[in-house]
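In this note's numbering, the protein residues as written are 32 to 337. Working notes for the structure below.
In structure tokens form, the structure reads like this:
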């Protein structure tokens, strides 16, 4: 394990540890999906249950042009902390390696944190997010590279495929009169997954001749996925990047705790990776916290006794 990955994991463990203590103190429940299934559970059934738990339609694609963000919000709304980053902290000179890991899941009591390495195409990020959701459902922490050499990783891969592309939706869209490659393109476009993942999903559902499968796979792998890192996707402002890097739910919890006097603001600055108290105040101001404070007071982060 590289020093960079070790540092990222330590930082994530620190955030999850703080959130666990805070959530237990103020009565924020953990996600119900955590430890909801076992490896013996059929991955497709588990994926179906997860869609229901996240408030998603049972067969429709993840909605919106930013599917990764959409799924992230659904996961965070259930109580899962989600962090997305392609670098170590805020250091733009220390890039995370895709060949080392795609993501990881941490668990602390009734709470959990998912981290996705965003130094990859958006299609890969979406699959990684769903894969880590599988780890949450199993209640099994770990670092993921999406390989099939371990039973848990294989299960999470099957879960992610079924979660993102339900079998009923595949059968509904499959056109026998069109070529396999055309069907691959249709599925990939509709569900925001890679063409390789689409081909593998089709093979898991339909009987496809091995020779035809191999030919299409060679075509698919011959075309590189467009890389889409956070740094290269529209030049997001720093406060937007910070919210993504530490996670929206974590950002809101820390900010609420600081603004309601439950923790010192200097501690909040440290937890969010802000370089100073002034930097923290800038993050809060640019996030329009004051205009949303009443909403949070009555919803996600309730005070003790509510």
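Glycine included, each C-beta is placed from N, C-alpha and C at the ideal position.
In the DSSP assignment, no residue is bridged to residue 195.
Residue 130 sits in coil when the DSSP states are folded into three classes, being neither helix nor strand. One Cα belongs to residue 194, the other to residue 95, and the distance between them is close to 16 Å. A distance below 7 Å between beta-carbons, with the five flanking residues on each side excluded, links residue 53 to the following residues of its chain, in chain order: 284 and 288. Around residue 84, the same chain offers 64 as residues with beta carbons nearer than 6 Å, after the five sequence neighbours per side are excluded.
In the displayed model, residue 254 falls within coil according to three-state DSSP, outside both helix and strand. In terms of CA proximity to residue 156, 132 leads the group 132, 203 and 120. Annotated as proximal: residue 273 and residue 303, with beta-carbon spacing under 8 Å.
Exclusion of the five residues before and after residue 142 leaves 47, 50, 51, 54 and 61 as the residues of its chain whose Cβ lies within less than 7 Å of its Cβ.
A Cβ-Cβ contact shorter than 8 Å links residue 226 with residue 219. In the structure shown, residue 118 falls within a strand segment according to DSSP collapsed to helix, strand and coil. Counted as a single uninterrupted DSSP element, the alpha helix (DSSP H) harbouring residue 218 occupies residues 211-222. For the set 316, 171 and 271, the Cα lying nearest the Cα of residue 121 is the one of 271. With a cutoff of 8 Å on beta-carbon distance, residue 114 and residue 172 are scored as not near each other. Close CB contacts of residue 81 within its chain, under the 7 Å cut and outside five residues either way in sequence, are with 64, 164, 168 and 194 (chain order). Here residue 252 is exposed: its Cβ has fewer than 16 other Cβ atoms, across all protein chains shown, within 10 Å.
Using a Cβ distance threshold of 8 Å, residue 148 and residue 127 count as a contacting pair. Here residue 72 is not bridged, per DSSP, to any residue. Taking C-beta atoms as the reference points, residue 205 and residue 237 count as a pair closer than 8 Å. For residue 230, the enclosing alpha helix (DSSP H) starts and ends at 226-236. Counting C-beta atoms within 10 angstroms of its own C-beta, residue 299 has 16 or more neighbours from the protein chains shown and is therefore classed as buried.
Beta-carbon to beta-carbon, residue 151 and residue 129 are separated by about 5 Å, close enough to satisfy the 8 Å threshold. Its Cα nearest to that of residue 109, the residue 87 stands out among 87, 92, 93 and 117. Residue 280 and residue 102 have their C-alpha atoms spaced approximately 13 Å apart.
With at least 16 other beta carbons inside 10 angstroms of its own, residue 229 counts as buried.
Distance from the Cα of residue 291 is smallest, within the candidate group 57, 33 and 38, for 57. Per DSSP, the beta-bridge partners of residue 142 are 139. When the Cα atoms are used, residue 242 and residue 211 turn out to be separated by approximately 12 Å.
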